[in-house]
Amino acid sequence: MARTEGINTKDSDFEYLRKYKRGSFPKLLLIIVLLFALGIFYLKSLTTNFEKLQSAKSDLLRSNSILLIETYEAERAWLSKHGITSEIKIFDIISNTIFTARLQNKTIINNEIAVGFIRLVFLLLASWRFCFFAAILGFFLSKKTLEDYHAKDFLGQTGSGRLFFSGIRVGLGKRAANGEPTQLVTGLACPKRATNTQLKNSQLYKVLSHWQVLNETNESLASIVIALNSAPAFIADKSNKQELDDTYLDQGLIKHTSLILEQALRLHSSYQTSSVVNSENNEDLSRQNLPFNAEQYANLLGQLFHRVLTPLQRESLSSLDSKLIATCILALQAGKSLVYKMEAGEWLQISNFPQLSSRAVLHSIAGFGEEYDHFSRQTIRRALIYASRRSAFGPVRFAEDLNVDSRALRQWIELCLANPHELFEVADEVELFGLVGQGYQAWVEEFYKDLDQEADQEIYATKTNLLFVPVSRIVRQAAKALNAKTISRLDVLVQKISARQLAYQKRLANTSTEENLEEIPFYDRVNLPLDKDQIAKLADMHNCEAKDLRVWSAIQIVLNSYGWLSRRVGDYTVPDHSVIFAVLRTGEKAPGANQFGLVGKTAMIPLRGHKLEYKFGRAWKNKFPLSFTATMAESRDVFEKLMQGQDKDELLGIKFE
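Structure (structure tokens):
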């Protein structure tokens, strides 16, 4: 959700790849020719001292090095007959060097070594033309193997064009408008598929045909689902199996997939043809008449599909092709071919990452890369991999550029991932997640716009990167960004989810270790909203509007979910409601400062100031009055004592709640 620092962005990765381009052959050839010409001119500038050469030959003959001289004479005679003057000249220069070295280092360079050097020099000079032209010819003949291989055959889709090439070789020539490669290489997952006859005789195929969403991708995914003919729609672990059985009457994966796909396509069609996009139905759905059969559960899921989307997401979803919607739903169900496994006559779930298995199966469909363009594939892929908001390793970090289409589809996919006995709880969380995401985008735009308008004297920054903002200011920005219905719905969902979490925590405290209940991760916790008594108390204490605190209680989760709320001010922990007294040391001459150089502010919200770097750069503090230090208080009594200049150490005996 928030930006992950220290990780390369897509643009920086592509910029890195573009820096290292393949060498240009004409440039390489020009460099070789220039070096060759310079070498010729250099060699021509050298002169051979024939007197020294003859003297060295005479000395070698006297030292009984007859073989060395005979070898030299024979090789020189061949070069004189077949070579050019420059080659003979080079041969004489190098031979003279070898003769001199032989005479000066008789113990190190014996006669055989010197003969070997003479023959090596001759071989290089006699064959250099052949070697040069062979290298040029070999380069041109092998140039085709350096090109990217694009085909669909035994060698794959891309590579070097050679058998057993273990990798992907692809250029960056074909790119989408955002600079990403458009080619999709088919994956290697090989799930079992039903026959064409089984596919066309199935209920799932009839649904695809009725809604006119048949294509190679959807037919392939449907055949994978049909091949799992005895698989259940859901599998729970042993501790939740009885609860699942009490909630849902499983009638198989194929029937379940057909029913939920029809619900999704019917709702999508209604978004395209009617005004249902802006309709709301927030009534609590009935949990009576359990267990649900497949039809009842699909109808319930269809109602929740609508509820968990914001109006903006519904409008965005209406612009998508219905085939894309079907592909996303089918991919999730087909992914269970890698997630479910039959062992000892019982179906088990062998993976905790069904959404990643779904992506693997989807990428193994050859038609997926041809029937959908780059951006459509990205929408489907992101809807699948971001379907879960948490993992065994912590919260899932959402991409900064995750568009509305992917966010809307991922809402549906998360509902489909939930087991029936968890559906109502998950639906509330998913709906809240959607409202928080859209609400944050609207609020942060209004927040930055508000800060851009004028020099601000209400907001204070500190050297420790804190930002103190009046709660009334945040509420005013939220009122412009979010409508009253959204704020009201946020309040209802926060009430329900926080109450449910509180009940779970109490159960956890009183349960035995045998039940294997897990703590709610800190990133999933939803703080209890302020009740009427707390609002009245805070309003009286801070001399602020009670209605502002009611709104703040509802929208606090928006800022908290994106890491804006600071949890500490100096040595003090900020209370859950985040409404504090702030004592800011700005200096005696600062506007509003008392004789101790302190400015006191009530009903302030401490924010993490580094968030403003993305908008205003590192000099963001210059937009606000700067405080050297900041101290917080939760009661007016402590606040007034701090304003009188009392040191924190003198107040350590006071317990902050």
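If you read the sequence shown in my numbering, its first letter stands for residue 623, the second for the next number, and so on.
Built from N, CA and C at the ideal position, the CB exists for glycine as well.
All of these numbers come straight from a predicted model, not from anything done at the bench.
query                                                                                                                                                                                          : result
Can you tell me whether Pro1042 is helix, strand or coil according to DSSP?                                                                                                                    : helix
Alpha carbon to alpha carbon, how far is Tyr1184 from Gln1033? Give it in angstroms, no decimals.                                                                                              : 18 Å
Out of Arg1258, Arg1111 and Leu934, state which residue places its alpha-carbon closest to the alpha-carbon of Gln1063.                                                                        : Leu934
Which residues bound the beta strand (DSSP E) around Lys963?                                                                                                                                   : Tyr962 to Glu965
Please report the straight-line C-alpha distance between Leu887 and Ala920, rounded to a whole angstrom.                                                                                       : 12 Å
With DSSP as the reference, label Tyr1236 as helix, strand or coil.                                                                                                                            : helix
Measuring CB to CB, does Gln873 end up less than 9 Å from Asn915?                                                                                                                              : yes
Pull up the CB-CB distance for Leu1150 and Ser1120, whole angstroms please, since I reckon it's below 8 Å.                                                                                     : 5 Å
For Pro1092, list the residues DSSP reports as bridge partners.                                                                                                                                : Met1226
Does Phe1055 come out as helix, strand or coil in the three-state DSSP assignment?                                                                                                             : helix
Starting from Leu1206, trace the beta strand (DSSP E) in both directions and tell me its first and last residue.                                                                               : Ile1202 to Arg1207
Would Phe1055 and Arg1011 be called neighbours here (beta carbons separated by less than 9 Å)?                                                                                                 : yes
Give the straight-line distance between the Cα atoms of Asn1244 and Lys1107, rounded to the nearest whole angstrom.                                                                            : 37 Å
So what does Met1254 bridge to, in DSSP terms?                                                                                                                                                 : Ala1204
Decide if Val1205 is buried, meaning its Cβ has at least 16 other Cβ atoms within 10 Å, or exposed.                                                                                            : buried
To the nearest angstrom, how far is it from the Cα of Phe997 to the Cα of Leu763?                                                                                                              : 38 Å
Do the region 845-864 and the region 892-900 make contact, defined as three or more Cβ pairs closer than 8 Å?                                                                                  : no
Leaving aside the five residues before and after Met1285 along the sequence, list all residues of the same chain whose C-beta is less than 6 Å from its C-beta, in chain order.                : Here the chain covers residues 623 to 1279 and nothing more, so residue 1285 does not appear.
Is the beta carbon of Leu923 less than 9 Å from the beta carbon of Leu931?                                                                                                                     : no
Would you report the Cα separation of Tyr827 and Ser891, rounded to the nearest angstrom?                                                                                                      : 18 Å
If we ignore side chains and look at the alpha-carbon of each, how far apart do Leu843 and Glu884 end up?                                                                                      : 15 Å
So Leu1057 packs on Ala1049, CB below 8 Å; how close in whole Å?                                                                                                                               : About 13 Å; that fails the 8 Å criterion.
Starting from the C-beta of Glu627, find all residues in its chain whose C-beta is less than 6 Å away, skip the five residues before and the five after it, and write them out in chain order. : Annotation note: pLDDT 41 at Glu627 (below 50); position unreliable, no value reported.
Is Gly1016 helix, strand or coil when you go by DSSP?                                                                                                                                          : strand
Measure how close the beta-carbons of Ala953 and Val983 come, nearest whole angstrom, since I'm counting them as under 8 Å.                                                                    : 6 Å
So which of Arg1129, Ser944 and Ser1094 has the shortest CA-CA distance to Trp1174?                                                                                                            : Ser1094
Should Glu697 go down as buried or exposed, given a rule of 16 or more other Cβ atoms within 10 Å for buried?                                                                                  : buried
For Ser979, is the classification buried or exposed, using 16 other Cβ atoms within 10 angstroms of its Cβ as the cut-off for buried?                                                          : buried
Would DSSP call Thr722 helix, strand or coil?                                                                                                                                                  : helix
For Leu881, which option in Arg684, Lys1233 and His832 has the closest C-alpha, if you only look at C-alpha atoms?                                                                             : His832
Thinking just about the alpha-carbon of each residue, which of Ala1103, Asp1113 and Arg1147 is nearest to the one in Leu1124?                                                                  : Arg1147
Would you check if the distance between the CB atom of Leu725 and the CB atom of Ala678 is smaller than 9 Å?                                                                                   : yes
Short of 7 Å in beta carbon distance, which residues of its chain neighbour Asn1165, apart from the five on each side in sequence? Order them along the chain.                                 : Thr1224
Look at the alpha carbon of Ala1021 and the alpha carbon of Glu802, and state the distance between them as a whole number of angstroms.                                                        : 15 Å
Applying the criterion that 16 or more other CB atoms from any shown protein chain within 10 Å of the CB defines a buried residue, is Tyr1236 buried or exposed?                               : exposed
Rounded C-beta distance between Ser1028 and Ala1009? I'm assuming under 8 Å.                                                                                                                   : Actually they do not touch by this definition, with Cβ atoms about 10 Å apart.
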